[in-house]
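Chains as they are written, first to last, in the numbering used here: chain A, 8 to 296; chain B, 417 to 692.
A virtual CB, placed ideally from N, CA and C, is assigned to each residue, including glycine.
Owing to the predicted nature of the structure, the values given are computational and were not obtained by experimental measurement.
In what follows, a single structure is set out as structure tokens and then discussed.
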Amino acid sequence: MSWQASLARRGIDGVTLLAAPAVLFILLLFIYPFLYGLVLSFAPKVGGMFANYQRFFADPFLYDTVGKTLRIAVPVTLLNIAISVPVALRVRLLHQPRLLTTILVIPITLGTVLVAEGMLNYFGPRGWFNRVLIEIGLADNPIKLIHNYWGVFLSLVITGFPFTFLLTLSYVTGIDPALEQAGAMLGARGWQRFREILMPLLLPGLVITFCLSFVQAFSVFPSAVLLGAPAGDTRVISVAAYTAAFEEYDAPMASAIAMIMAAVQVLIVAALLGAQSMLYRGPAGGGKG
Amino acid sequence: MIRTKSIGGSLWVWAVWLLVAFFIVNLLALIATVVVNSFSTRWFTTWLPVGFTTKWYVSAWEEFQLPEVLTATFEVVGAVVLISGLLGVPAAYAMARRDFPGKRFVMLLFLLPMLVPPITFGIPLATVLYKVGAAGSIWGVILANLVPTVPFVILVMIPFIQQIDPRVESAARVFGANTLQLFTHVLVPLLTPGILAALLLVLVRTIAMFELTFLTAGADSQTLVVALYYAVFAAGVRAGQSVDAMAVVYMVTTLAWLLLALRFVNPTQIVTRAKR
């Protein structure tokens, strides 16, 4: 048997090689830069191998960014999921959810920069939102909703909720309605059906949703600068990385911060996925038999 | 379907829909303020502007060098769409049709750039691109933008390819077609809806891709979204209406393509990529 035939038997032939350019591309422009950054982070401009990391964890201005980012990303992600689940459970009963999903996809498509510019107008002290609040007597003076923590928080709700919702919806619609009907037939009330049937089936999907939404929120960048207080409350880790790279021209330090950012994300995602593997992971369909 | 009958149940349903309505009203009002402000002469202490004008579009067109920015945007987006299609579709075909050792690893390789946020891998990527001298030019921006879009095309295309009956391909092979002929005469015509969907989504995502372009663009390779960022960032230097006029140009560009894309894809596909 020729070597070609033996390779083909293992699934490698001309067709398999069609994947090679894409694989090569990702290796060159994703894996290599990441490894390059990792190595570079251990070659600081001054000091020994670990000087960048030592500096990061010694300087409160730098290490605080991790905490600040978590203080924004975790509550926002939890809130987005908490709203998404009940809404998705209602929306799956609609016959034509397309209009709603189309409207919700708009902020994702427009992106954070446009949403930031809109929020500066809309939530500003003279914007429509504050005007309505004062008009109906909910506030005496305009509430400060931009250039602070809440500006970033709100922007992550506006762009993040649709993302979380659409992911949740795809998991919710994967659950066979017959399972809930069976529960109802056996006398389970709405809340019981949710707690005993839907939630256990939904939880693994929600963990994935949390991971994906959290990772997005944790890497918040333009809105933290435009809508937050980039020198104070919302000096998130990506701002620190950007400052190191493009204002201090310290590529090794910037790489170190990017690696720390990636490490925090990986740690949290790995912990959640580890916990998820202990949850029920069976079929969510009704099947006979 | 289960209908709720209790009062608490219907109150709950109302509360959920009110929440959705509240979100949508605020979202639309937020977009509306940008549009209204871009046409306003002055707008300070009233519900609506004092008067309306279109002069801000003229000034934004010159101030923000929109002709150059739009040209750069379409060059970047066009190249990214074309190249990610050329790299992604054949790779998706291989992934859909062959089982080979290490396939799971290759799949992970394609998933990672979509799961890792752009700003995280963008900083080391920009460092490398600056080192080889690509960053700052239009090619640097294109290369950086391709990193998430090539895997995106692959993941969207795999299910489309799996839906095609392999016997159609076998028939073409029996009649002596080589892989290139198979692609041009059989697969591409059959896959046109899928390719169109994938590439339109790439297009919409690339117009709105801020981080990667921001990190790699030079003065003459800024795309619309990056130029908008700088305009908002330097707010106060120029009239707010002018910035908003530019925001409207960006919005129209993006939403026009989104509307076109939505004729071919389901909105949820923009988020949930492909069936796993």
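Looking at chain A, is there any beta carbon in it that lies within less than 8 Å of the beta carbon of residue i?
{"i": "B/Arg513", "result": "yes"}
{"i": "B/Asp581", "result": "no"}
{"i": "B/Thr543", "result": "yes"}
{"i": "B/Ala690", "result": "Reliability of the predicted coordinates at B/Ala690 is poor, the pLDDT of 42 falling under 50, and no value is obtained from them."}
{"i": "B/Tyr666", "result": "yes"}
{"i": "B/Ala613", "result": "no"}
{"i": "B/Ala663", "result": "yes"}
{"i": "B/Ile535", "result": "yes"}
{"i": "B/Ala476", "result": "no"}
{"i": "B/Ile423", "result": "no"}
{"i": "B/Ile574", "result": "no"}
{"i": "B/Ile577", "result": "no"}
{"i": "B/Tyr473", "result": "no"}
{"i": "B/Ile570", "result": "yes"}
{"i": "B/Ala593", "result": "no"}
{"i": "B/Leu482", "result": "no"}
{"i": "B/Phe438", "result": "no"}
Within 8 Å (strictly less), CB to CB, does residue i reach chain B?
{"i": "A/Leu173", "result": "yes"}
{"i": "A/Tyr156", "result": "no"}
{"i": "A/Asn128", "result": "yes"}
{"i": "A/Ser230", "result": "no"}
{"i": "A/Gly18", "result": "yes"}
{"i": "A/Met56", "result": "no"}
{"i": "A/Val81", "result": "no"}
{"i": "A/Met268", "result": "yes"}
{"i": "A/Pro237", "result": "no"}
{"i": "A/Val112", "result": "yes"}
{"i": "A/Glu124", "result": "yes"}
{"i": "A/Gln61", "result": "no"}
{"i": "A/Tyr256", "result": "no"}
{"i": "A/Pro149", "result": "no"}
In the DSSP assignment, find the unbroken alpha helix (DSSP H) run with residue i in it and report its ends.
{"i": "B/Gly549", "result": "Neither: B/Gly549 is in no alpha helix (DSSP H) and is coded neither H nor E."}
{"i": "A/Phe221", "result": "Met206 to Phe225"}
{"i": "B/Gln428", "result": "The sequence shown places Trp at residue 428 of chain B, not Gln. Start and end: Ile423 to Ser454."}
{"i": "A/Asp71", "result": "Pro67 to Val98"}
{"i": "B/Trp459", "result": "Segment: none, B/Trp459 is in no alpha helix (DSSP H) and carries neither H nor E."}
{"i": "B/Ala613", "result": "Val604 to Ala624"}
{"i": "A/Met56", "result": "It is not in any alpha helix (DSSP H) - A/Met56 carries neither H nor E in the DSSP assignment."}
{"i": "B/Gln638", "result": "B/Gln638 -> no alpha helix (DSSP H), and no H or E assigned at all."}
{"i": "A/Gly44", "result": "Tyr39 to Ser48"}
{"i": "A/Leu14", "result": "Trp10 to Arg16"}
{"i": "A/Pro229", "result": "Pro229 to Leu233"}
Check residue i in the structure and name its three-state DSSP category.
{"i": "B/Ala651", "result": "strand"}
{"i": "B/Phe680", "result": "coil"}
{"i": "B/Phe468", "result": "strand"}
{"i": "A/Gln283", "result": "helix"}
{"i": "A/Val243", "result": "coil"}
{"i": "A/Ile267", "result": "helix"}
{"i": "A/Asp147", "result": "coil"}
{"i": "A/Glu255", "result": "coil"}
{"i": "A/Thr180", "result": "coil"}
{"i": "B/Phe630", "result": "helix"}
{"i": "A/Pro104", "result": "coil"}
{"i": "B/Arg583", "result": "helix"}
{"i": "B/Gly592", "result": "coil"}
{"i": "A/Leu25", "result": "coil"}
{"i": "A/Arg196", "result": "coil"}
{"i": "B/Trp477", "result": "helix"}
{"i": "B/Ala661", "result": "helix"}
{"i": "B/Trp463", "result": "coil"}
{"i": "A/Pro51", "result": "coil"}
{"i": "B/Pro564", "result": "helix"}
{"i": "B/Ala542", "result": "helix"}
{"i": "A/Ile19", "result": "coil"}
{"i": "A/Ala238", "result": "coil"}
{"i": "B/Pro575", "result": "helix"}
{"i": "B/Pro533", "result": "coil"}
Round the Cβ separation of residue i and residue j to the nearest angstrom and send it over; I've been treating them as touching at under 8 Å.
{"i": "A/Phe49", "j": "B/Glu627", "result": "Rounded, the Cβ-Cβ distance is 25 Å, inconsistent with contact."}
{"i": "B/Trp433", "j": "A/Arg97", "result": "7 Å"}
{"i": "A/Gly125", "j": "B/Ile558", "result": "Incorrect: roughly 29 Å between the Cβ atoms, too far for contact."}
{"i": "B/Ala488", "j": "B/Ile554", "result": "6 Å"}
I want to check one thing, is the minimum distance from the CB of residue i to the heavy atoms of the ligand PLP below 7 Å?
{"i": "B/Gly610", "result": "Among the components modelled here there is no ligand, and therefore nothing to report on the ligand PLP."}
Starting from residue i, find everything on chain E with Cβ-Cβ shorter than 9 Å and list it in chain order.
{"i": "A/Pro93", "result": "Here the protein chains are A and B, and chain E is not one of them."}
To test your reading of the DSSP string, which unbroken alpha helix (DSSP H) runs of 4 or more residues are found completely within the stretch 484-531 of chain B? Correct list: 519-531.
Segments assigned alpha helix (DSSP H), at least 4 residues, entirely inside the stretch 113-169 of chain A: Whole alpha helix (DSSP H) segments, 4+ residues: 135-142.
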